[in-house]
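Taking it in order: structure first as structure tokens, then the write-up.
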């Protein structure tokens, strides 16, 4: 829960920045802006929000933007967060589509894109590790997270059945852990 | 033209409701609909659009936006984007309200805590999947691991690491 209501302009500009910077996956950038730069949420609150966004249909950061926008500024907040997150990427992707055929075959451009993509992979990985460090999950949570990681990341099982098994297992495990 | 727009809207609105895991999880189905069923794009145009969307910042929804753009221009872009976003966002809106409303209920607390490790595991998995897709040589593996270390140990803007990754890989092109 946010400690105070985040203003409309603040929400819009925050998500505009998340969208603009969001190379190679928005989630790490959303965390960078929301947790480290603006301090709207703690790591734990952000992970909760992302978790809810993940199990619902739709992109996780879009769902997270909807929920964060509504909690702070209602429906207007939702629209501002979505518009903020989508505006710059839509302009950039169409501009890129226009020049793509001409520049994509330049070896330097290819190398730069691949280098940035390799760094994006590290950005996602480093952000996940940092969140784990800051949240300090219980042993059960560790096991659940590790199982999800192995199933999706290493074995490359399809996401939906994994989530459908993992979420009830996680809930049962945490409920059981609390009971003791 | 309106026929195409209506068909874009119908196709992506339906996909929106089953898009657990976002657009990347839907990729095979989007390909089937766009290339095989409707014949809106060739295989090659589809692959280029995917590469362009990946090189752009922002949520990977923009891949669908770009498909709309290439099928029917600006109106196609708007229709495809909104069709993909509105159904799932409406669901998130009501789910978020329900969670806030019953936030003090012990079951909701357990649900939220249960989703944390799932989110962390998925994020870790997507980092590794990205590395497996992108990293083809020693240099790219080092860029990925270097960025991981940078992000893990500092609070600095990750844009520095991304720019360095691009520069290092271009430099490597000329050195090796």
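Residue numbers (the numbering used here), protein chains in the order written: chain A, 1 to 180; chain B, 1001 to 1176.
Beta carbons: idealized from backbone N, C-alpha and C, even for Gly.
Predicted model, so just to flag it, every value in this text is computed and none were measured.
Span separating the alpha-carbon of residue i from that of residue j
i                       : j                       : result
residue 67 of chain A   : residue 55 of chain A   : 13 Å
residue 1032 of chain B : residue 1038 of chain B : 8 Å
residue 37 of chain A   : residue 1158 of chain B : 12 Å
residue 1060 of chain B : residue 1026 of chain B : 11 Å
residue 1052 of chain B : residue 175 of chain A  : 44 Å
residue 1050 of chain B : residue 1156 of chain B : 30 Å
residue 23 of chain A   : residue 1043 of chain B : 25 Å
residue 1058 of chain B : residue 21 of chain A   : 7 Å
residue 1121 of chain B : residue 112 of chain A  : 29 Å
Neighbour-count burial assignment, residue i, 16 or more Cβ in a 10 Å radius
i                       : result
residue 1140 of chain B : buried
residue 85 of chain A   : buried
residue 60 of chain A   : buried
residue 71 of chain A   : buried
residue 5 of chain A    : exposed
residue 1174 of chain B : exposed
residue 1047 of chain B : exposed
residue 16 of chain A   : buried
residue 1069 of chain B : buried
residue 1113 of chain B : buried
residue 154 of chain A  : exposed
residue 40 of chain A   : buried
residue 118 of chain A  : buried
residue 1127 of chain B : buried
Nearest to residue i (by Cα), restricted to the options the options
i                       : options                           : result
residue 58 of chain A   : B:1088, B:1036 and B:1057         : B:1088
residue 18 of chain A   : A:4, A:7 and A:89                 : A:89
residue 1009 of chain B : B:1076, B:1051, B:1058 and B:1044 : B:1076
residue 183 of chain A  : A:82, A:133 and A:104             : Since the first residue of chain A shown is 1 and the last is 180, residue 183 of chain A is not available in this structure.
residue 127 of chain A  : A:11, A:21 and A:29               : A:29
residue 10 of chain A   : A:81, A:148, A:62 and A:140       : A:81
residue 116 of chain A  : B:1122, B:1074 and B:1145         : B:1145
residue 1138 of chain B : A:141, A:114, A:157 and A:161     : A:114
residue 1084 of chain B : A:139, A:62, A:74 and A:12        : A:62
Spatial neighbours of residue i in its chain, beta-carbon cut-off 7 Å, leaving aside the 5 residues before and after
i                     : result
residue 47 of chain A : 131 and 135
Residue i beta carbon near the ligand NAD (any heavy atom closer than 6 Å)
i                      : result
residue 129 of chain A : By its list of ligands, the structure shown contains no ligand whatsoever, and the ligand NAD lies outside what it can speak to.
Same chain only: Cβ atoms within 8 Å of residue i, ignoring 5 sequence neighbours per side
i                       : result
residue 1072 of chain B : 1001, 1004, 1005, 1008 and 1079
residue 49 of chain A   : 41, 64, 67 and 68
Own chain, CB closer than 6 Å to residue i, minus 5 neighbours either side, in chain order
i                    : result
residue 7 of chain A : none
residue 1 of chain A : A caution first: residue 1 of chain A carries a pLDDT of 47, below 50, which makes its placement in the model unreliable, though a value can still be read off. Taken in chain order, the list of residues that qualify is empty.
Contact residues within the segment 1110–1133 of chain B, judged by C-beta distance below 7 Å to chain A: Within the segment 1110–1133 of chain B, the qualifying residues are 1110, 1111, 1112, 1113, 1114, 1115, 1116, 1117, 1118, 1119, 1120, 1121, 1122, 1123, 1124, 1125, 1126, 1127, 1128, 1129, 1130 and 1131.
Mind listing which residues of the segment 88–101 of chain A have their C-beta closer than 8 Å to chain B's C-betas, in chain order? If you check each beta-carbon in the segment 88–101 of chain A against every beta-carbon of chain B, the ones closer than 8 Å belong to 88, 89, 90, 92, 93, 94, 96, 97, 100 and 101.
Against chain A: residues of the segment 1054–1070 of chain B by CB proximity under 9 Å: Per Cβ criterion, the list reads 1054, 1055, 1056, 1057, 1058, 1059, 1060, 1061, 1062, 1063, 1065, 1066, 1069 and 1070.
Tell me which residues of the segment 119–134 of chain A have at least one Cβ-Cβ distance to chain B shorter than 7 Å, keeping chain order. If the cut-off is 7 Å between Cβ atoms, the segment 119–134 of chain A has 119, 120, 121, 122, 123, 124, 125, 126, 127, 128, 129, 130, 131 and 132 near chain B.
Taking Cβ-Cβ distances below 8 Å as the criterion, which residues of the segment 1088–1101 of chain B are in contact with chain A? Within the segment 1088–1101 of chain B, the qualifying residues are 1088, 1089, 1091, 1092, 1093, 1095, 1096, 1097, 1099 and 1100.
If the cut-off is 7 Å on Cβ atoms, which residues from the segment 106–119 of chain A count as contacting chain B, listed in chain order? Residues 107, 108, 111, 112, 113, 114, 115, 116, 117, 118 and 119.
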